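What follows is a single structure, written as C-alpha cells, with notes after it.
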Amino acid sequence: MSDPILERNQYIVRTFPVGPLQCNCTIIGDTVSKKALVVDPGGDAQVILSLLSELDLQVVAIIHTHAHFDHILAAGEIKKATGVPIYLHESDMFLWSGLEEQCAMFGFRMPDTLLPDPDQYFSDDHDLGCCGGVAIHTPGHTPGSTSFWFEESKTLIAGDTLFKGGIGRTDFPGGDPEQIVSSIRERIYTLDDDATVITGHGPATTIGVEKQSNMFVRA
23 MSDPILERNQ YIVRTFPVGP LQCNCTIIGD TVSKKALVVD PGGDAQVILS LLSELDLQVV
83 AIIHTHAHFD HILAAGEIKK ATGVPIYLHE SDMFLWSGLE EQCAMFGFRM PDTLLPDPDQ
143 YFSDDHDLGC CGGVAIHTPG HTPGSTSFWF EESKTLIAGD TLFKGGIGRT DFPGGDPEQI
203 VSSIRERIYT LDDDATVITG HGPATTIGVE KQSNMFVRA
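Numbering (our numbering), first residue to last: 23 to 241.
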C-alpha cells in the first residue's frame, strides 16, 4: 500500500512499494515547475510511469540510493521510456555491473530491458537540480550508499541506510558496520529532527524519533 502523499510547500512526495522485495520507490516533484525525480525504481516501471502522468509531473532524473538489485530493476525501462539520465554513486558500480549475478543469487529473473550504465556519478553534497535536493554520501550498507536530503520539504530519502527502529544490513559485499553507524550519526542525525525519513523498505519515520529510540544507533 502506498504511503500518504506528502505535500510540503510546493513539493509533492509519493512513496510506494515496487518490485520483488517491495522496495520503496519515491516520486518527488515540484508542483510549480512540474519537474520530478524518481528514486529507486526497483520494479513495476509502468506503475511508476502512470503515477508520474497522474500527478502531472515530468521526470528529469532517475536517482539511486544504492545498487542492490531490488532498487534498480526498472531503471532501464524508465530511461528507455523517458530518455532521462540515471545517477548513482560510483562506488556501487561493482553491484550495478553485477546485476545478473545479484538476480541469480536471490533467484530472480533479469529485467527484460537491459540496464544501461549510469549517465553521471554522485559526488558528496551533489545538487540534484530538482526540488531543492542534495545527495549525501552515507556509506555502510554499500560503499556507494547515498541519501537524498530535501531541506525545503523536510524529507530525507535514506534508502537502506536507516529504517524505522533499525539500520541496513552490512553483511553483503561492500558492507561496513562501522561506516553505517558513522554515516547515520554524522550525516543523518545532524539534519532536522522533524524531517520525515523515507526508508528503503517499510514505514517512514522521523530523524528525531530515531535519534531517541533506534536500538542500533542513538544520537
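Note that CB positions come from ideal geometry on N, CA and C, so glycine has one too. The structure presented is a predicted model; accordingly, all values stated were derived computationally and were not measured.
For my contact list, K114 and T164 are in at a C-beta cut-off of 8 Å; report their separation, rounded to the angstrom. For the purposes of this step, residue 114 is taken as residue 92 along the sequence shown, with counting starting at 1. For the purposes of this step, residue 164 is taken as residue 142 along the sequence shown, with counting starting at 1. Residue 114 is actually Asp in this sequence, not Lys. That pair is a contact at about 5 Å.
Quick one: give me the first and last residue of the alpha helix (DSSP H) that I100 is part of. Against the sequence shown, residue 100 aligns to sequence position 78. Unbroken alpha helix (DSSP H) run through I100: 97-104.
In the structure shown, what three-state DSSP assignment does V81 receive? Stepping through the sequence shown from its first residue, residue 81 is reached at position 59. DSSP places V81 in strand when its eight states are reduced to three.
Own chain partners of L136 with C-beta closer than 6 Å, once the 5 adjacent residues on each side are dropped: The count along the sequence shown starts at 1 and reaches residue 136 at position 114. So the qualifying residues of the chain are G98.
Please go through the segment 126-199 and give each complete beta strand (DSSP E) segment of 3 or more residues, from N-terminal end onward. 155-159, 168-172, 177-181
Through-space distance from V61 to H148, alpha-carbon basis: Stepping through the sequence shown from its first residue, residue 148 is reached at position 126. Stepping through the sequence shown from its first residue, residue 61 is reached at position 39. Going by the C-alpha atoms only, they are around 15 Å apart.
Residues that E208 bridges to, as DSSP identifies them: In the sequence shown, residue 208 corresponds to position 186, counting from 1. None; E208 has no bridge partner.
By DSSP, does K319 sit in helix, in strand, or in coil? No answer is possible for residue 319: the residues shown for the chain start at 23 and end at 241.
Boundaries (first-last residue) of the alpha helix (DSSP H) holding F116: Within the sequence shown, numbered from 1, the residue matching residue 116 stands at position 94. Residues 115-118.
Going by the beta-carbon positions, is the gap between A96 and G64 smaller than 8 Å? On the sequence shown, residue 96 is found 74 positions in, with the first residue counted as 1. On the sequence shown, residue 64 is found 42 positions in, with the first residue counted as 1. For A96 and G64, yes; Cβs fall inside 8 Å.
Who are the near neighbours of V231 in its chain, counting only those whose CB is closer than 6 Å to its CB and skipping five residues on each side? In the sequence shown, the residue the question calls residue 231 occupies position 209. Here the set comprises nothing.
Taking contact to mean 3 or more Cβ pairs, one atom from each stretch, closer than 8 Å, check whether the segment 122-135 and the segment 161-178 are in contact. no
Could you pull the DSSP bridge partners for D52 from this structure? Reading the sequence shown from its first residue, position 30 is the one you call residue 52. Y33, per the DSSP bridge assignment.
Going by the DSSP bridge assignment, what does P39 pair with across the sheet? What you label residue 39 is simply residue 17 of the sequence shown in a count that begins at 1. Answer is N46.
Spatial neighbours of F238 within its chain, please: CB distance less than 7 Å, with the 5 preceding and 5 following residues excluded, ordered by chain position. Here residue 238 refers to the residue found at position 216 of the sequence shown. A distance below 7 Å between beta-carbons, with the five flanking residues on each side excluded, links F238 to the following residues of its chain, in chain order: G188, I189.
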